[in-house]
Amino acid sequence: MTTSLKADDTVQLGEEMHRLISELYPICRSITGDGVRKTLHILQQLIPIEVHEVPSGTPVFDWTVPKEWNIRDAYVLAPTGERVIDFKQSNLHVLNYSIPVHQRMSFSELKEHLFSIPEYPDWIPYRTSYYKESWGFCLAHNSLCKLVEGEYEVCIDSSLENGYLTYGEYYLPGKTDEEVLFSCHICHPSLCNDNLSGIALATFLAKHLSSQPRYYSYRFLFIPGTIGSITWLCLNEDKIHRVKHGLVISGVGDPGKMTYKKSRRSNAEIDKVVAYVLNNISENYQIEEFSPYGYDERQYCSPGFNLPVGRLTRTPFGQYPEYHTSADDLKFVNSNALAQSLVVYAAVVDVLEHNFKYLSTSPKCEPQLGRRGLYGNLGGQKLTKADEMAMLWVLNLSDGDYNLLDITERSGLEFAVINKAANTLFKSGLLKKL
Amino acid sequence: MTTSLKADDTVQLGEEMHRLISELYPICRSITGDGVRKTLHILQQLIPIEVHEVPSGTPVFDWTVPKEWNIRDAYVLAPTGERVIDFKQSNLHVLNYSIPVHQRMSFSELKEHLFSIPEYPDWIPYRTSYYKESWGFCLAHNSLCKLVEGEYEVCIDSSLENGYLTYGEYYLPGKTDEEVLFSCHICHPSLCNDNLSGIALATFLAKHLSSQPRYYSYRFLFIPGTIGSITWLCLNEDKIHRVKHGLVISGVGDPGKMTYKKSRRSNAEIDKVVAYVLNNISENYQIEEFSPYGYDERQYCSPGFNLPVGRLTRTPFGQYPEYHTSADDLKFVNSNALAQSLVVYAAVVDVLEHNFKYLSTSPKCEPQLGRRGLYGNLGGQKLTKADEMAMLWVLNLSDGDYNLLDITERSGLEFAVINKAANTLFKSGLLKKL
Amino acid sequence: MTTSLKADDTVQLGEEMHRLISELYPICRSITGDGVRKTLHILQQLIPIEVHEVPSGTPVFDWTVPKEWNIRDAYVLAPTGERVIDFKQSNLHVLNYSIPVHQRMSFSELKEHLFSIPEYPDWIPYRTSYYKESWGFCLAHNSLCKLVEGEYEVCIDSSLENGYLTYGEYYLPGKTDEEVLFSCHICHPSLCNDNLSGIALATFLAKHLSSQPRYYSYRFLFIPGTIGSITWLCLNEDKIHRVKHGLVISGVGDPGKMTYKKSRRSNAEIDKVVAYVLNNISENYQIEEFSPYGYDERQYCSPGFNLPVGRLTRTPFGQYPEYHTSADDLKFVNSNALAQSLVVYAAVVDVLEHNFKYLSTSPKCEPQLGRRGLYGNLGGQKLTKADEMAMLWVLNLSDGDYNLLDITERSGLEFAVINKAANTLFKSGLLKKL
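Protein chains in written order, with my numbering: chain S, 5 to 438; chain F, 5 to 438; chain B, 5 to 438.
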């Protein structure tokens, strides 16, 4: 297939993705604010993302675009004056979306604002409070245990004010305005698998597709989780019927196996295509039924839209201990896994791009392949048995009911072989596109 | 669920059902006659059953209401003058619907009218001859073997005359005139599992439901087998479209496991509900496909009606040796099994009563549960993970295609949890009833 | 069932089929020519086949009827003058459809026209070159190895000229002009299983059906493979809608198990009937999904026709080493296997002939079987439990949606029992034909 990635390219692409993740890692992102803007600015050096700013207070379906959050510094001073918690060491230390605070308090008062993970005492948890005004600090449980009674000084130099929700969009037009939607969330601070890996994959997939011939148009969304997809769906309701297939990209850099979560429809074309690709090129993978809990597929698959959008990750969120902790770092994601994930995504696009329905122009009895030079040999090369069978299958099932993936499944042959046969027959005039 | 039986109540209810069975046990019932009237009269002390009398000769579809049968006494005198068979000892001794006879005859002549079960030589069989005029006696095989040659005096003091077919009906109106039909047969004489157990369960289920709020209307039929259901269907043909669900109740007091026989439709709502309830609350059960042989489901599921009526029993008829013999007595049925059966029936009603389809009022993207106090905590109580997932599932699938049981199945959660979530969302205005 | 073969007859029929195969074996057949005419002439002594002659050059869909091929002699003379390859020894020695040739040539030049099977060095392969003008010889690999360098004389005394494509057709009218199509290919020279066995079975099945009452009309085609079915479909396009069921007959004399290849529709009535019959009377069989490779089902199941035509063989072609070699001889096929195959075909016809849909004339509640003498006893004979159940099933499911085979499957009873019950009920007026 013409658009698929060459194996040689992928090693290099994996390393480039990891470098991008490293560059984005230090930035303190949230669902709004300058962290998102900086992130999109860096991505714009690779692909021409369009940045959208939606004012706080904008009603979006049942929700309202929140105030914009920014943070400059945050720390806790121990009774000794020592900085025992320091935002500058890790942006995970601050409860994301903390309101500004600067005061002195007893340890017992402070303690109600501290979060740790006793099971992983060296890791800092990642916590947020987007829709309830609050403040807090996250820290390693071992650090928490060292804190003593006494008076502490607490400072969060943040702001929560009317501003904007920022998101990025990259649209690659194709032959048709029917779209494939790729969506990744960009709201997490220094966390690599969830979801700098998704940002990196989306960026490099977009870059790859920009240089390919395209039947479909492709839309890449770089949005804050939940409120971002809700906002985009609300502002683009008139275009949504164009979305024919979609995937939510996240968690694609960990060493676990690929996992596909089906769309709400459960048998949409994207569901079949991903299942075929995983079965065809992955050694190990799993497929899960839809559930209404998860990433932004929750919104795309809400009943009022019910878009054919699945979620393609490696280990699903919540199923690895590093999830939403400081251990989801630059070592947790590796360039090999990133490259393999990109190969799967590119192969999914490949199948989508060629999964046409054809109509046999000679449906009554078999056409005589021999007199067209389509039997035994083709253009000087001996046809394989599979090539000949593929032509018979495509001719037999091209009645308007079967697309090439359906024919692939019924024949037991490979999609690439079926697609090659369809191309040969199309060129010889024995098929027309439907 | 609001209508379900409390576990505490069921022990007592089981004992009350067994007492009712004991009270009804001595009466000689048949498909017509005073035995049926006496039986309904006793039931009327518990629930206000309406008694219908249909004249002999009334045409009912392909059948005709038969003459009324009554019996006062019956016996066989041995050559010695001893009463070797005595109706007063057991009403099973007389072939049910025997015409009157009083004559002397040789043993060989008499023998052609005697029925026994060699495999169970102590048990009296139960035999009938409703639609062919005949007479006979049933007795233990051991007793039969003791009879010697000689002249016997035979007397059956019965009558078979124009009269009535008697049946009882109890209608409990609900919010809608859509009905749930419960049907039990009342034509068997001193036999406990088949079917005094069914009569007792129907009576106590009706009593229970009479004190509950009801969405559906409920109709309880106490009818003679076959001719009773045919008669009722014929006289009520104009109402039959109201029957949305139904169950034939019989054999619910033996110690065997619960058995559900599906309706002819095989995937009616009642079929799914009973399967769910059995799976959810029974340790051991079985589900059988429909077959046109059995109790009155034969008539309800005839092709001209094809009602969604299944049959819910414990051990199916014919699959226990005591069936249709004197061993189906007061010891064979126990209050524990009766109580358990009642619990299952009440749970089935519970699911039916709440198995609505809802429509999300906020179908485009998820509604913001947090600002409605539906996230994390609800009314001061911490929501379980299952409660939160249930709300997401109900919101996601309430598009008009799924009822709550469908959502239960797709989510893998319990119906009670799904129903609770639906109620919460309904109260908050996020759902409307369809 | 009335039309089925008696077990006593089948031994004799198996032997007669083998004798017919022996008589046809020496003839050199091809897709055109006198071999086909001779073959049909012999068959006409058994059934009144109509012979059709279609001129060379006739366009038939995407194909053209080819020139007619005939052959008188062919040989290769060694440098010693010895006849080392001799058509008169076996007509497989000549590449079927070889153009005339008579010349001298070196061994290395000759070698390019010689075909053998190294894996089976004693067997002569069968090869053809219908649509590419060419010549050649087939021989045992052992014989090939004995040939030495030197000058050879090569002679093929054949002709390839404008003439006719010859095929046979036998039409047996029934009560309806809806047809069952049986098709066998007659283009193979001295090869027994593929396909003299098919020709013999078709002939004897036709002979058998000619003496039976018939609901359907039956059409038997004796045609050259591929071009024959294409020609017939093209010339009879206006009649093709009458074909309600069909089977391609081939390879029915080898000792392997029966194999059914489904029609393209995969759940056509013929697919269900053959599966039922094989399951009911064969000890060992297999069922394969449709594929577009094979015999003339390729044409009948092309998308423009999509006829409900399956293929019923013993071991499928290509799955036994004797296939398309001289080892597919008179010893490879046996009269026992031929007879068993005929029994299966006759049983398939039996089920098709009786697989009606009926409509109950008394669909509301059960009809009273007793007063019609249809219960317990029938015409002096005690009804079996299966007979009574069969009547209940037929009455219950005769609502217009189920044919008798559907009822057979849902009831788990045998088709013969269901059919008998349907006949009884039909005679009593409780069913009408749909």
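Glycine residues also receive a C-beta, built at the ideal position from the N, C-alpha and C atoms.
What first and last residue would you give for the beta strand (DSSP E) that runs through residue i?
i, result
"B/R376", "No beta strand (DSSP E) contains B/R376, which DSSP labels as neither H nor E."
"S/H212", "Per DSSP, S/H212 belongs to no beta strand (DSSP E); it is in the alpha helix (DSSP H), G202 to S214."
"F/A78", "E72 to L81"
"F/S221", "S221 to I227"
"B/L429", "Per DSSP, B/L429 belongs to no beta strand (DSSP E); it is in the alpha helix (DSSP H), F419 to K431."
"S/L237", "First-last for S/L237: I231 to L239, but that is the alpha helix (DSSP H), not the beta strand (DSSP E)."
"B/S364", "K361 to S364"
"F/V313", "V313 to T317"
"F/T263", "M262 to K265"
"S/G172", "Y168 to L176"
"F/Q290", "Y289 to E292"
"S/E438", "Position check: residue 438 of chain S holds Leu in this sequence, whereas Glu was assumed. Taken as a continuous stretch (DSSP letters only), S/L438 belongs to no beta strand (DSSP E), as it is neither H nor E."
"B/I103", "No beta strand (DSSP E) contains B/I103, which DSSP labels as neither H nor E."
On the DSSP letters alone, give me the boundaries of the alpha helix (DSSP H) that residue i sits inside.
i, result
"F/R190", "Sequence check: residue 190 of chain F is Ile here, not Arg. Counting along the chain, F/I190 falls outside any alpha helix (DSSP H), and DSSP gives it neither H nor E."
"F/V277", "E273 to I285"
"F/R414", "L408 to S415"
"F/H3", "In the structure displayed, chain F extends from 5 to 438; residue 3 of chain F sits before or after that span and is not available."
"B/L401", "K389 to L401"
"B/R302", "E301 to Y304"
"B/Q344", "S339 to H358"
CB-CB under 6 Å to residue i, same chain, minus the five flanking residues each way: which ones, in chain order?
i, result
"S/R218", "G178"
"S/E113", "none"
"S/A439", "The structure shown does not extend to residue 439 of chain S, since chain S spans only 5 to 438, so no value can be given for it."
"B/P325", "none"
"S/Y175", "R223"
"S/E157", "L81 and R108"
"B/P320", "T263"
Mind checking whether the beta-carbon of residue i lies closer than 8 Å to any heavy atom of the ligand GTP?
i, result
"B/T317", "The ligand GTP is not part of the structure shown, which contains no ligands of any sort."
Tell me which residues share the same chain as residue i and place their Cβ nearer than 8 Å to its Cβ, disregarding the 5 neighbours each side in the sequence.
i, result
"S/D242", "none"
"B/V152", "A82, P83 and F111"
"S/A300", "Going by the sequence as given, residue 300 of chain S is Asp instead of Ala. Closer than 8 Å at Cβ, skipping near neighbours: S187, H189, I227, G229, T230, G232, S233 and V252."
"S/C196", "I25, Y29, G257, D332, D333, L334, F336 and V337"
Between residue i and the rest of its own chain, which residues show a CB-CB distance below 7 Å, the 5 nearest in sequence each way excluded?
i, result
"S/G433", "T365"
"F/I121", "W127, P129, H145 and T329"
"F/V355", "V277, Y280, V281, L409 and F419"
"S/Q323", "none"
"B/L205", "M21, I253, V256, L342, S345, L346 and Y349"
Going along the segment 367–394 of chain S in order, which residues come within less than 8 Å of chain B, judged by CB to CB distance?
P367, K368, C369, E370, P371, Q372, G374, R375 and M393
Could you please tell me which residues of the segment 295–314 of chain S, in chain order, have their CB closer than 8 Å to any CB of chain F?
S295, P296, Y297, R302, Q303, C305, S306, P307, G308, F309 and N310
Unbroken stretches of the alpha helix (DSSP H), 4 residues or longer, contained in the segment 105–159 of chain F
111–115 and 145–150
List in chain order: all unbroken beta strand (DSSP E) runs of 3+ residues lying wholly within the segment 21–62 of chain B.
54–59
Got a sec: which bits of the segment 61–79 of chain S sit with their beta carbon under 9 Å from any beta carbon on chain F, in order along the chain?
V64, F65, D66, W67 and T68
Along the segment 154–185 of chain F, what residues have a CB closer than 9 Å to any CB found in chain B?
none
Please name the residues in the segment 214–239 of chain S whose beta-carbon is closer than 9 Å to at least one beta-carbon of chain F, in chain order.
T230, S233, I234, L237 and C238
Any contact of the segment 275–284 of chain F with the segment 206–224 of chain F, i.e. 3+ C-beta pairs under 8 Å?
no
With contact counted as at least three CB pairs below 8 Å, one residue from each stretch, are the segment 36–53 of chain F and the segment 355–368 of chain F in contact?
no
How do the segment 371–380 of chain B and the segment 305–312 of chain B stand: do at least 3 beta-carbon pairs fall below 8 Å, yes or no?
Taking a cut-off of 8 Å on C-beta distances, the segment 371–380 of chain B does not touch the segment 305–312 of chain B, as fewer than three cross pairs fall below it.
For the segment 92–110 of chain F, list every residue whose C-beta sits within 9 Å of some C-beta in chain S, in sequence order.
Those residues of the segment 92–110 of chain F that come within reach of chain S (Cβ to Cβ, closer than 9 Å) do not exist; the list is empty.
Pairs of beta-carbons, one from the segment 245–255 of chain B and one from the segment 382–392 of chain B, closer than 8 Å: are there three or more?
The answer is no - the segment 382–392 of chain B does not touch the segment 245–255 of chain B, with fewer than three Cβ pairs under 8 Å.
Pairs of beta-carbons, one from the segment 389–405 of chain F and one from the segment 418–438 of chain F, closer than 8 Å: are there three or more?
Taking 8 Å as the limit for Cβ pairs, the verdict is that the segment 418–438 of chain F does touch the segment 389–405 of chain F.
Using a beta-carbon distance cut-off of less than 8 Å, what residues from the segment 124–143 of chain F approach chain B?
Listed by position, the residues of the segment 124–143 of chain F near chain B (Cβ gap below 8 Å) are Y135 and K136.
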